[in-house]
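Chemist: My questions all concern the structure below.
Number of protein chains: 2
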Amino acid sequence: MSDGRRPGSDDRKRRSPAPPGTHAAVAVAVDVVPFALREGRLHAALIGVRATEESRLFAFPGGRVQPEESLDVAARRCLERHVPSEGRFLEQLYAFGEPGRDPGSRVVSVAYLALLPRADDADGVHWYPCDDLPPLAYDHGAVADKALERLQGKLAYTNIAFGLLEDGFTLADLQRVYEAVLGRGLDRRNFRKKVLALELVQPLGRVRHGPHRPAELFGFTERALVTVETLLTKKG
Amino acid sequence: MSDGRRPGSDDRKRRSPAPPGTHAAVAVAVDVVPFALREGRLHAALIGVRATEESRLFAFPGGRVQPEESLDVAARRCLERHVPSEGRFLEQLYAFGEPGRDPGSRVVSVAYLALLPRADDADGVHWYPCDDLPPLAYDHGAVADKALERLQGKLAYTNIAFGLLEDGFTLADLQRVYEAVLGRGLDRRNFRKKVLALELVQPLGRVRHGPHRPAELFGFTERALVTVETLLTKKG
DNA sequence: CTCTGGTCGTGTACAAACTACACAACCAGG
DNA sequence: CCTGGTTGTGTAGTTTGTACACGACCAGAG
């Protein structure tokens, strides 16, 4: 693994612009995994990339990082180009850089996790349930796994799930979000106790009417994304 | 944020090799934050990058990613070039890509977190206590913050701290690791109960002699890195 | 108007986990 | 033989998590 230079020499010189003629062969891209709820199930937004003879192939929205933009900006740009939304949550997920992940060229892709309050349809966008994704191009299968893993993990100790809701939700709505992401049921009474005790939501003073007892509507409190001690336990 | 192409068009074309003459202006590097314990305090390994008139400047070991190597391999190569060790733990941390982070050229750097069982001295390597780091080049101040944050966070629900120890440690040694990383004391008896209950360590049948009662020596169990329910609580 | 289905909202008993804390065992060295 | 400093163990009290039942309330059917 040595490059032949003397030990202790400063590796920083490699950061200088490459000499003329030897341009860097590694490109940088971003990919965004957009999650949203549809009919109580967690869905991800995909773009069709090409149709082989017998099967279509999908990938997450993404693109090259421009020389003057940051990774975060590039991710938001790529997200908004395909998926129109007012997503509040966009967080870096992981950098994928295996040499063979993109056939033909060497691309290091920084993946992002995006949470949207609604799964709006748009031109070229396909929403698929997370537990039934179509064949994915590149290494986007691994990207999807990582995204879901991160979302589930952060669910337990942050209020990240609120990125999948808009103000004016009922506690039952919120619970459905948790159940959809975790893939298991929660006890309604214990879940309610826990959420209210942490004071992450505040009643709006309005109610939602339906064929049943009216449900109180809630909104988020001031803090946008907090790391709480334990927002969730085994049974909610 | 539109690039003028029709909506829904496939952004994937950007992944193809750049046309001749228009080479990608964004380079990819890795930086490794190596942590180890020295005299009961958490230290990080730094490399001197340049000496200005009145002050030296340091940075974490790093370098450009080679066209044929993966990010993980590049990180291990850069770590081992500077810091000789048999580090068991090396994990991707975060990708830093602000346009201005590296003066002169656009470099996206994928940072890695490394844990070493010992803080060995080597040519060109400087070990500094984490709570008293010297001035850092680039955005390595933010990198250091992120690394420490990750380490502290994972301490609570994984056995990541074991990367800072070698087999043949006492439970007091292990506790000192936790206290050094967290920066606070833990209750000896509760800590011992917790660690033993999780069966992450196994007695080696040997003891360490000293001027006091002999201490039993432990090693790690088979599983290398596990995510435990709650390895740590407030008082250990 | 009454009935009914289905949801909303609350409280209580039990079990498990966390926290605080004290004492004897043991060795090296004086 | 005594002493200092560490290792090793257990118990009581508090907090947190878990399981579970019942009345309140509305819309719609009859």
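Protein chains in written order, with my numbering: chain U, -12 to 223; chain P, -12 to 223.
By construction, the Cβ of each residue, glycine as well, lies at the ideal position given by its N, Cα and C atoms.
Since the model is a prediction, treat every value here as computed from it, not as a measurement.
Quick check on G84 (chain U) - is its C-beta less than 8 Å from some C-beta in chain P?
Modeler: Cβ-Cβ to chain P under 8 Å: yes for G84 (chain U).
Chemist: List the residues of chain P that S57 (chain U) touches, going by C-beta distances under 7 Å, in chain order.
Modeler: Result: G84, E85, P86.
Chemist: What's the C-alpha gap between V112 (chain U) and A61 (chain U)?
Modeler: Their backbone Cα atoms lie some 19 Å apart in a straight line.
Chemist: Can you find a C-beta in chain U that's less than 8 Å from the C-beta of D(-3) (chain P)?
Modeler: Confidence is the limiting factor: at D(-3) (chain P) the pLDDT is only 43, short of 50, which leaves the residue's position unreliable, though a coordinate-based value still follows. Closer than 8 Å: yes.
Chemist: From which residue to which residue does the alpha helix (DSSP H) around T81 (chain P) run?
Modeler: According to the sequence displayed, residue 81 (chain P) carries Tyr and not Thr. Where Y81 (chain P) is concerned, there is no enclosing alpha helix (DSSP H), although the beta strand (DSSP E) it sits in stretches over 76 to 83.
Chemist: What is the DSSP secondary structure of F207 (chain U), counted as helix, strand or coil?
Modeler: Three-state DSSP puts F207 (chain U) in a strand.
Chemist: Pick helix, strand or coil for R175 (chain U), following the three-state DSSP scheme.
Modeler: Three-state DSSP puts R175 (chain U) in a helix.
Chemist: Can you tell me the Cα-Cα spacing of R85 (chain P) and L123 (chain U), whole angstroms?
Modeler: One point to set straight first is that residue 85 (chain P) is Glu, not Arg, in the sequence displayed. Distance between the alpha carbons of E85 (chain P) and L123 (chain U): 29 Å.
Chemist: With a threshold of 6 Å on Cβ separation, who are the neighbours of E203 (chain U) within its own chain once the five nearest residues in sequence on each side are excluded?
Modeler: The answer, listed in chain order, is P190, V194.
Chemist: In its own chain, which residues sit with a C-beta less than 6 Å from the C-beta of G49 (chain U), not counting the 5 before and 5 after it?
Modeler: Counting only Cβ-Cβ distances below 6 Å, and skipping sequence neighbours, we find A16, V17, D18, C65.
Chemist: Do we get a CB-CB distance below 8 Å when we pair V97 (chain P) with the residues of chain U?
Modeler: So, interface residue.
Chemist: How many whole angstroms separate the CB atoms of L183 (chain P) and G150 (chain P), which I take to be in contact at a CB cut-off of 8 Å?
Modeler: No, L183 (chain P) and G150 (chain P) are not in contact; Cβ-Cβ is about 20 Å, not under 8 Å.
Chemist: According to the neighbour-count rule (16 or more other Cβ atoms, all chains shown, within 10 Å of its Cβ), is R176 (chain U) buried or exposed?
Modeler: Under this definition R176 (chain U) is an exposed residue.
Chemist: Cα separation between A14 (chain P) and S92 (chain P)?
Modeler: Cα to Cα, the separation comes out at about 8 Å.
Chemist: Give every residue of the same chain whose Cβ lies closer than 7 Å to the Cβ of P71 (chain P), excluding the five residues on either side of it in the sequence, and list them in chain order.
Modeler: Within the same chain, P71 (chain P) has close Cβ partners D107, A109.
Chemist: Helix, strand or coil for V200 (chain P), going by three-state DSSP, please let me know.
Modeler: First, the amino acid is wrong: residue 200 (chain P) is Arg here, not Val. In this structure, R200 (chain P) counts as coil in the three-state DSSP scheme.
Chemist: Taking Cβ positions only, does Q79 (chain U) come closer than 8 Å to chain P?
Modeler: Yes, its Cβ sits closer than 8 Å to a Cβ of chain P.
Chemist: Assuming contact is defined by CB atoms lying nearer than 8 Å, are A167 (chain U) and L24 (chain U) in contact in what I supplied?
Modeler: Their beta carbons are under 8 Å apart, which means A167 (chain U) touches L24 (chain U) by this criterion.
Chemist: Which bits of chain P does V13 (chain U) rub up against, with CB to CB less than 9 Å?
Modeler: Those are A11, V13, A14, V15, R51, V52, Q53, P54, listed as they occur along chain P.
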